[in-house]
Every structure is written in structure tokens, then in C-alpha cells.
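Per the UniProt record's numbering, the sequence shown starts with residue 1, numbered consecutively. Note that the Cβ used here is the ideal one computed from N, Cα and C, for glycine as well.
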Amino acid sequence: MEQPPGFVAQGESGLVCKLRRSLYGLKQSPRAWFGKFSQVVQNFGMTRSEADHSVFYCHSSSGNDDIKISQLKQYLFNHFQTKDLGHLKYFLGIEVAQSKEGIVISQRKYALDILQETSMSNS
């Protein structure tokens, strides 16, 4: 690693910088981020799944998850720079429609885009 331009002291160009936290874009950054996230959600009281270490869960004796979800959101807001985007409508090209009957997910827009790209939309 080299010192950034403008930070090289006279006669000390061989010195390097010691990182105190992860830098965006380094291959170690996702691991550092997950370590921090894991610590925060486990401190909240969630348990990490043994089957998939990126899944966290907690049991509610009342069966009402709404309060626990609101508390978790507030806890995450307090620990990370986040914002609430409201109800999910699109995620990674998947359309999500929520109602009292359930949740419907579809890739209708993706399919229409493929038809458009291949000039098959009028077929």
C-alpha cells in the first residue's frame, strides 16, 4: 500500500497507513460488515441459524411479531445509517404485491423487458 497523494511526509515515503476500519471495495469489507451486523442483531436478542449463518431469528411467545419488528427496525436505525423506504414494491427486479390475503411476487416487468429486447412484444 502507498500513502495517498498529499500525505507523504518528507523522507518518510516508505511508511504506510494503518486502517482503523474497513474500506469500501476491499475484498475483506463484506466480512467486516457482516461481523458488525451479526454482532448488532445478536445483541438485540436474535439467534443465528445453524443451517445458514446469514439468517437470524427470534421467537415471540405472544405470536405478535409487529412489536418485535418495530423494535428491531428502531434498534437498527440507532446502530446504522438507514432509512425506512416503506412497503416493498420491487426488489432485484422482482415485483412484490402485499395484501391481507398474502404476498404475490412476480417477474412480469422482467418478462416484458425481455420480450421488448427481442422484438417479440407484439407477438
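At the level of alpha carbons, what is the spacing between residue i and residue j?
i: R108; j: E101; result: 20 Å
i: L15; j: V55; result: 41 Å
i: G86; j: Y57; result: 22 Å
i: N64; j: L19; result: 44 Å
i: L26; j: S62; result: 43 Å
i: K83; j: A51; result: 30 Å
i: S70; j: F91; result: 21 Å
i: S99; j: Q81; result: 29 Å
i: residue 131; j: E117; result: The chain is shown from 1 up to 123; residue 131 falls before or after that span and cannot be answered.
i: Q42; j: D66; result: 19 Å
i: F34; j: L115; result: 38 Å
Within the same chain, show all residues whose beta-carbon is closer than 7 Å to that of residue i, passing over the 5 residues directly before and after it, in chain order.
i: L72; result: F44
i: S29; result: S22 and L23
Just to confirm, is the Cβ distance from residue i to residue j under 8 Å?
i: H79; j: V40; result: yes
i: K121; j: L112; result: Sequence check: residue 121 is Ser here, not Lys. Cβ atoms of S121 and L112: closer than 8 Å.
i: A9; j: S22; result: no
i: R48; j: S38; result: yes
Tell me which residues share the same chain as residue i and place their Cβ nearer than 8 Å to its Cβ, disregarding the 5 neighbours each side in the sequence.
i: E95; result: K89, I105, S106, Q107, R108 and K109
Residues bridged to residue i by DSSP?
i: Q98; result: I103
i: F91; result: I94
Considering only residues of the same chain and omitting the five flanking positions on each side of residue i, which have a CB-CB separation below 6 Å?
i: Y75; result: F44
i: K68; result: S60
i: G93; result: Y110
i: A97; result: V104
Checking contacts by CB at 8 Å: is residue i closer than that to chain B?
i: D66; result: Chain labels in this structure do not include chain B; a single protein chain is all it has.
Problem - Start-end ranges of the alpha helix (DSSP H) lying completely within the UniProt domain "Reverse transcriptase Ty1/copia-type" (1-59), minimum 4 residues - result: As far as the UniProt domain "Reverse transcriptase Ty1/copia-type" (1-59) is concerned, its whole alpha helix (DSSP H) runs of at least 4 residues are 29-44.
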